[in-house]
Structure formats: structure tokens, C-alpha cells
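These protein sequence lines map, in sequence, to chains A and B. Numbered by numbering that gives the first Met the number 0, the letters in the first sequence go through residues 0 to 379 in order. Numbered by numbering that gives the first Met the number 0, the letters in the second sequence go through residues 0 to 379 in order. All C-beta atoms in this analysis are idealised placements derived from N, C-alpha and C, irrespective of residue type, glycine included. Predicted model, so just to flag it, every value in this text is computed and none were measured.
Protein chains: 2
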Amino acid sequence: MIYLDNAATSFPKPEAVYRAVERCMRTFAANPGRSGHKLALQAGREIYLTREAAAELFHVSDPFRMIFTANATESLNLALKGILQPGDHVITSSMEHNSVLRPLSALKEHGIMVTIVPCTRQGSLEPDAVQAAIQPNTRLIAVTHASNVTGTIMPVKEIMEMARDRQILLLLDASQTAGILDIDLAECPVDLLAAPGHKGLLGPQGTGLLYIREGLHLKTMKEGGTGSRSEELTQPELIPDRYESGTLNTPGIVGLGAGIQYVKSHRAQIQERETQLTRFFLEELKKVKGVILYGADDVNAPRTGVVSMNIGDLDSCEAACRLDQEFDICTRPGLHCAPLAHRTIGTLDRGTVRFSIGFETTEAEMIETLDAIRQIASHS
Amino acid sequence: MIYLDNAATSFPKPEAVYRAVERCMRTFAANPGRSGHKLALQAGREIYLTREAAAELFHVSDPFRMIFTANATESLNLALKGILQPGDHVITSSMEHNSVLRPLSALKEHGIMVTIVPCTRQGSLEPDAVQAAIQPNTRLIAVTHASNVTGTIMPVKEIMEMARDRQILLLLDASQTAGILDIDLAECPVDLLAAPGHKGLLGPQGTGLLYIREGLHLKTMKEGGTGSRSEELTQPELIPDRYESGTLNTPGIVGLGAGIQYVKSHRAQIQERETQLTRFFLEELKKVKGVILYGADDVNAPRTGVVSMNIGDLDSCEAACRLDQEFDICTRPGLHCAPLAHRTIGTLDRGTVRFSIGFETTEAEMIETLDAIRQIASHS
């Protein structure tokens, strides 16, 4: 089987991740931060180690600014709903995932104004277009670091500087880039960064992160037991507790720690291979008659290991189904939870077949995938 | 090591739970409901099996009414914030956990009125006191099934009938009882039931459940990608998708499925043993000079396997610390995230040492624990 659905969730994970989850579950998965006995203390310590590893990866000096969530969707909801107040204006792009667009739709009903800046047909966001959308009450710009449909990398640094000049907050959705691209928050200090644990960070599903810049105070989305200031009937101010009510996913977080360590040790090598494989794949696809590619025309343009395409008039679901059934290749067809991105690139009618490369994808697998595409294209 | 902190999280889990998590992570942990390839379909199918097992356990006919969350705290937040509107009145009890009290504190700021009915010094809730608190705008009664401090089981059936007669909704917090007591929602049809996956249901941390009765429509707390109706910019109405945005914790949920299966196969036996051990423990504790017990005086009164006590004038943290350091016994001291419960039973100053029995606790372990308590009591 060839797994090319890493943009949905990375699979497989490094061996160390499986072992970390198992070790945690079997030997110390007590309730972290709740009791004082040795297992609970160990659980708390190991969660801290993941927090620290995540902070280091993103060049954040205070690990307590890294909040654990269930997934990037929760991180994005917490960020958007925690920051935006009635009367605020927020800017986002047409390449966003529903995990940004749907919370913003919900916020519109509470008096928040939303501008969705259209991207180019290739899926890129123009900083000038963002600038033109700024209003006196613009409080936040929420933008994806890279599109989950086309792999297009957005000009985050320019947008960040523009936002900073105007004292507008910037929320970066790093769902497609955390663990994949270098993200240095000391050098590019965005205010909020949301990331899944189970994609490029190679951790288990059920994990996500939200970085909250020092000095930012968010409304909470969930209140409850935090193991701290238990005598108070209101949510404590203390971070990370304020944003982490209820029992954490200790085994998942410990596994995420192992994933982040793997990423840290192998990053240059993973990046180089993913870039090479993506370029090779794009170059070869360009030669296949009937294949329609989306995103940047230039195969050397910066992008993640995500390639969207269609074959002739074939519905994307039918093409992906054939890849799965006849060739044992896992891809994702359809709309990829980003309807406006599909409208932007002109595929709202049939979606795209998305191939997303992972840290263990090989050249041989990409050659086999290309053969399969050629066969489907020649008969469609 | 003797682990008596099962009310915080059950430990260890059945062997089948570890194996299920590992099998899932290693062989099929793709993104459920997102793509159509065989791994994603298997992930979706296995999640459905857990949903079905949970529905069966609670006698719910439609598995899609069982929503997966990250923990009971999230379930309770979703239930309370999903149901209550400005102007509504809600009744709860003084024995509730902060996972109910803190969301209600937050809701007060949005025009929701809250009455906290005081319980007796033994921790029990009188149905008459609930009835007296009902107002014309009472929309919801939120009550714990059993106290996490004293193990006291609340008169849910009486309260449910009272609520039903007055068309008031009932939210049951089954954090301390799901998987431990028989909960038959066909026979005792509460409107909402919140449960953790990682306590009595013996699943991994990072899992929780919310049962939503047919016909109830909640506001969402998180919106995002659901893998369904991706073309829509607003959250779909479809259940369970409406309440389950973002990638689910597939390994955790699959592990929870194994935990629920274990509970189903061994329930009578677990219940009998936990009841016996609890009674034995209470009877022996009553004989120890200096031990102060909380909750029902009668050792035969219905209660879960949770026993709170103090030794002489010793601070609960000091007693628990000695149990851990000198005797290798894991308990939980302090306030147990339920401040009003401690005020109710008179332990707000120093908390209690809580012993909570699990499915693998043995009589030998309880005898060793009693010996340790006797030693501490004789020197304090």
C-alpha cells in the first residue's frame, strides 16, 4: 500500500511514537497535575517535556505559552473566539480551511465582521490585497501558512510585518506546515499559532497545539477542573491551566513529544526529500496528457508536499477510488474541507485528487503512483 | 505500588485496551470520515464500533446520539453552553465538580441564572430541595450521578421524573459512574449524559462522551472540518458531525471501544468486587482511631468505590504524601476540583485523602492500605 494522505494525518508514525504511547499507557498514565503521587507527577513531567520540545521547535522561550488541545480545529476555535469581540473586524483568505471559515461564520452572528480576501487562481495570497482589506476596527488577520489544497505557501512574513505596524494581531494556521517548514517565532513573531499534533509533528491523533504570545489574554472556550486553585469557582488565570480544563490526553501528548523529537533530529533530511519528491512528481505529472494540475505553475515555486490534480473529465472521487481499488494508493478526493479554495482554483464542481507526501514516502512509491496515474489517464 | 486514584483516571487499563490502541496506530490510523481510501474507511468503521458499543452500554438505540469529546469536561461544557440561553435558569448541586461549576460561572456573565442547591453534610442531594429551587424559567437541572469526593450516589431517577413532569431538561454528569453503575437510558431517559472515556469505561485519556437525546439541538462550541458537506461555510446539522469538528482521536476511541467491551463482559463481577472492597475498607477504617470518614455514615448505603477521609489533624496532602513515599500507595489529597463539596462536608480547609478503587484492586491491596493508615494514625 502507498499512503499519500499525509496532509490529512501522517501515517505511519515513527516507531518511537508508538513506543512512547505504549510506555506511557502501561507505566505511568495517571492524571497529570491532579494528585501528588509518583505516577501523577511523572505524567505531569512527561507532558512538560512535550511542551518544552514544542516550544523549542518553534523557538518559543516560555513552554507554558504552548497550550495542548485535541486538534488544530480546537486551537483555531479557541484563538478566534478567545480574541474576537463584538464590533471587531477580522481578515482571512479564500484559501482557508473550514476550521477557520466555519468558526468565523459562527462569530458573524455575534457581531464580528469578516472579510475574506480572494487569492489568485494559483492559490496565492497577495499582501496588497490583505492591506486593502484593513479597516479601523480590524483586530485580527487569520491566515493559513500553506494551503491544504494546493500546497501554496503564503507570504506570512510580509503579512506579519504589516499587521504589526498596524497593531493588528496575526493568527497563523500551521496545520500544513508545523514540523514541515521551519517556523521560528523569535524571528517571525506571530501572536497566535495553531497546529495539529498528528500531521507534520508526527504525533498521534487527538493532539493539537495553540501558541499564545505573552501578554495575550483569551476568553476561555471550556472551563473546568484544572488541578489548580481548586477552591475557586471561576477559571484560574494561570497558564497553561486556564486553557486546558479536564484530563489531558497524556498518552497522545507523550507520543507527540516523541514525534517532535523525531522531527527535530531529521528535519533537514525530511524537508530535502519531500521537496525533491514533490518536484519530481510535479515534473512528471506535467508530461502526462489529460492531467490538470493546480497551484503554482512553476514546479520550483515554494510549496509543501501537497499536490492537487484531476485527470481529464474524471470526477476526483472516481479517480481516487480507482487509485485505491486498482493500485492500492491512498489519496484524498473531493473538497478537502476548504470550499472557497476550490472556488478560487476553479474546482468547486468536482474537487481534486490530492497527493500528500510524508516523511517515509519513497521515490519508488512516487514512480509507482505516476504509473498508476498514466494508466488511468490513458483510459479516461 | 498500590494505585487507588481510579476516580481521577483508571490505571492500569485492561490489556485489550493497550493492544487496541497499538493495533490502530500501527495499522489503520488514517483520518476517519475524510478520505475514501481503505485505511480512512477502516478508521471510520472502528470509530463507529466504539460509538455502537457505548450506545449499547447505555441502552441508547441510535449510536449517532453518542458524541465523542476529549474528556467529560468538554462534554459538560458542550452540554451546558449548547442548551442554555440568556434568561434561562439552571439548577445544580453543591456536590458538583468544577467542570460543572466553572462553566456555570462563565455562563452567569451571559445572563444565565444559576441556583446551587446545598446537599446534606453527608453529601446527598434531597429531591425536595431541587424541587423547591425550580422557577418558571428553569431550563435545565445539571447534577452529578455520584460525588467524586464522597462516592455518594444521587437520587437521579426521582430528579429525572420531577424534571420530566415540568419539561425541564436533565444533564447527568456520569464522570464517576459510567462503566461502574448500571445506566439504562431507556429506563431512565435523561436528556444529556456526560462521561469520561478514561475512568470507569477503562479507555485511554483523551476520550469522553456526550449523549444527546433525540430531538435536542445544541449550539456548537467548536466548528470546523467535519468531512461532510464540505461545500458549506457553516457547521452542518448532521449528527454526530455537527459536534465533532476536526480530526478525532482515533487510537483513543478505538482503545475506548476495547475498554467498553471489557466493562460489558465483566460488569457484574467488577461491581460486586468494588462494592465488597469498599464496604470492607469502610468497616475497617471505622475501627481506626483518629480516622475521620466523610459521606454516608452507613457503610451499606449506596456509593461508588470512592472513600474520602482524614487522619487526626494531619493535612490531607501530608497524609497522602506519606502514603506515597513510605508505603507506595497512590491516592489523591486536597480539594478534588469540587470546592463546594468540601464546604458541604466541612473539609474546605484541608481537603480529604481520597481512595478510589478500580477494576483490578485486590483485597490484599486494601489490607496493606489499611495497615499503612493504621501506622500513620498511630503516630499522628
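Strictly below 8 Å CB to CB, what residues from chain B border residue i?
i              : result
T326 (chain A) : Note that residue 326 (chain A) is Phe in the sequence shown here, rather than Thr. Those within 8 Å of F326 (chain A) in chain B number zero; the least Cβ separation is about 11 Å.
N76 (chain A)  : M220, K221, E222, G223, S244
For residue i, which residues in chain A fall below 8 Å Cβ to Cβ?
i              : result
Y17 (chain B)  : E21, M24, R25
C316 (chain B) : G35
A319 (chain B) : S34, G35, H36
D323 (chain B) : G35, H36, K37
By the criterion of Cβ-Cβ separation under 7 Å, what are the contact partners of residue i in chain B?
i              : result
T249 (chain A) : Q204
Can you look up residue i in the DSSP assignment and give me helix, strand or coil?
i              : result
H378 (chain B) : coil
R18 (chain B)  : helix
Y2 (chain B)   : strand
I115 (chain A) : strand
T274 (chain B) : helix
R44 (chain A)  : helix
I259 (chain B) : helix
M24 (chain B)  : helix
R302 (chain A) : strand
F279 (chain A) : helix
L124 (chain B) : coil
S74 (chain A)  : helix
V287 (chain A) : coil
S34 (chain A)  : coil
F63 (chain B)  : helix
H265 (chain A) : helix
I90 (chain A)  : strand
L83 (chain A)  : coil
T249 (chain A) : helix
T49 (chain B)  : helix
I want to verify the contact list: residues of chain A whose CB lies under 9 Å from the CB of residue i, in sequence order.
i             : result
F57 (chain B) : Here the premise fails: no neighbours, minimum Cβ distance about 20 Å.
D4 (chain B)  : A29, N30, R33, S34, H36, L38, A39
Quick one: list the residues of chain B neighbouring residue i, beta-carbon separation under 9 Å, in chain order.
i             : result
A28 (chain A) : T8, F10, P11, K12, H197, P203, Q204
I'd like the list of long-range same chain contacts for residue i, defined as Cβ closer than 6 Å, with 5 residues on each side in sequence excluded.
i              : result
S74 (chain B)  : T68, A193, G207, L209
T176 (chain A) : H144, A145
R212 (chain A) : D190
G202 (chain B) : G196, G254, L255, G258
L88 (chain A)  : Contrary to the premise, residue 88 (chain A) reads as His rather than Leu in this sequence. Answer for H88 (chain A): M112, Q134, N136, T137, listed in chain order.
In chain order, what residues of the same chain have a beta carbon less than 8 Å from the beta carbon of residue i, not counting five sequence neighbours either side?
i              : result
I238 (chain B) : F63, R64, I66, I211
C187 (chain B) : V155, K156, M159
R331 (chain A) : D4, A6, A7, A319, V352, R353, S355
T119 (chain B) : E125, T343
T225 (chain B) : G32, Q234, P235, L237, D240, R241, E243, S244
L347 (chain A) : L334, P338, H341
Which residues in chain A sit within 7 Å of residue i, going by Cβ to Cβ distance?
i              : result
T151 (chain B) : Going along chain A, no residue has its Cβ under 7 Å from T151 (chain B), so there is no contact; the nearest lies around 18 Å.
For residue i, collect the residues of the same chain with a Cβ closer than 7 Å to its Cβ; drop the 5 residues on either side in sequence, then sort them by chain order.
i              : result
L48 (chain A)  : G256
M365 (chain A) : L276, F279, F280
T315 (chain B) : Residue identity check: residue 315 (chain B) is Ser in the sequence provided, not Thr. Cβ neighbours of S315 (chain B) beyond the five flanking positions: N309, P332, G333, R349, G350, T351, V352.
P250 (chain A) : V20, C23, M24, A28
R165 (chain B) : I133
L173 (chain B) : Reading off the sequence shown, one finds Ala at residue 173 (chain B), where the question assumed Leu. These residues qualify, in order along the chain: H144, I182, L192, A193, A194.
R163 (chain A) : none
- [ ] Give, in chain order, every unbroken run of the beta strand (DSSP E) that is at least 3 residues long and sits entirely within the stretch 308-371 of chain A.
- [x] Counting whole runs of 3 or more residues, the stretch 308-371 of chain A contains the beta strand (DSSP E) stretches 352-355.
Task: Residue ranges of each alpha helix (DSSP H) within the stretch 212-246 of chain A, 4 or longer - done: As far as the stretch 212-246 of chain A is concerned, it has no whole alpha helix (DSSP H) run of at least 4 residues.
- [ ] Return the chain-ordered ranges of every beta strand (DSSP E) run that is complete within the stretch 139-216 of chain A and spans a minimum of 3 residues.
- [x] 168-172, 191-195, 207-211
Task: Chain-ordered residues of the stretch 209-235 of chain B with a beta carbon less than 8 Å from chain A - done: T219, M220, K221, E222, G223, G224, T225, G226, S229, E230, E231, L232, T233, Q234
Open item on the list: Residues of the stretch 48-74 of chain B in Cβ contact with chain A at a cutoff of 7 Å, in chain order, please.
Closed with: A69, N70, A71, T72, E73
Open item on the list: Closer than 7 Å between beta carbons: that is the criterion. Which residues of the stretch 92-109 of chain A meet it against chain B?
Closed with: H96, N97, S98, L100, R101, P102, S104, A105
Open item on the list: Along the stretch 327-338 of chain B, where does the CB come closer than 9 Å to a CB of chain A? Name the residues.
Closed with: D327, I328, C329, T330, R331, P332, G333, L334, H335, C336, A337, P338
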